Amino acid sequence: MIVKISQHLKNIERKEEKSTVNMTLTDINNNTAEQRNMAKISFTFKETLQQAVKEGRITIGGYQCAKQMQGKSDRFAFCVFPEQTTDDAMTSIERILLEAYCREHRIRIVRVDNSKNLGKLFCKIANKRYNRENDYNCVLVEKSRNSISLDEVLFMESHRQAMKADPWHVTEIPS
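The sequence shown runs contiguously to residue 175 in UniProt numbering.
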């Protein structure tokens, strides 16, 4: 009886070993470092947007962004696009053209998780009530006219590293 129980326990242990993911300390440290980097990107993104709103360097809306970009591509730090959440053909075409323009003129593209959270973040920053009618499908951020803030430098560097690791990196918007 004791032998049978012992064998049964060994069989259970073998099954558990097969079903569990074997993580090394290096894997755990890398995962933790990645989570810290993602949190740093989210925090510095929010701080950078707050500074840009305060200085009036933000343009919101696809059409407004396209008008601002005409012939002035060197003035912009980055352009924010939420993950595609609409099946509207016009919005999709507008987005594709704006992204192509940004790539062609070396304007950094920042992808965020969704337009609703982006809109809520802007309303929170500007102390306004969220209006879902506003077009948060494209947000253009101009370079600072004064000196660039430390948060903006940290965000740009952290985002560059994340994009190097994953070209389709999506920045999560902090609440």
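Don't be surprised by glycine CBs; every beta carbon is placed ideally from N, CA and C.
Computed from a predicted structure; not experimentally measured.
With contacts defined by Cβ atoms closer than 9 Å, residue 68 and residue 81 do not form a contacting pair. DSSP places residue 142 inside the beta strand (DSSP E), whose first and last residues are 139-142. The segment 44-61 and the segment 149-160 touch, with three or more beta-carbon pairs separated by less than 8 Å. For the 9 Å CB-CB criterion, residue 112 and residue 32 do not form a contact. Contact between residue 138 and residue 71 is absent: CB atoms are separated by about 18 Å, not below the 8 Å threshold. Ranked by Cα distance from residue 49, the first of 140, 74, 97, 92 is 140.
The beta carbon of residue 101 sits closer than 7 Å to those of 69, all from its chain and outside the five residues before and after it, given in chain order. Beta-bridge annotation (DSSP): residue 108 is paired with 78. Taking 9 Å as the cut-off, the Cβ atoms of residue 158 and residue 54 do not count as close. In the structure shown, the three-state DSSP call for residue 60 is strand.
The C-beta of residue 147 has fewer than 16 other C-beta atoms within 10 Å across all chains shown, which makes the residue exposed. When only Cα atoms are considered, residue 60 and residue 78 end up about 13 Å apart.
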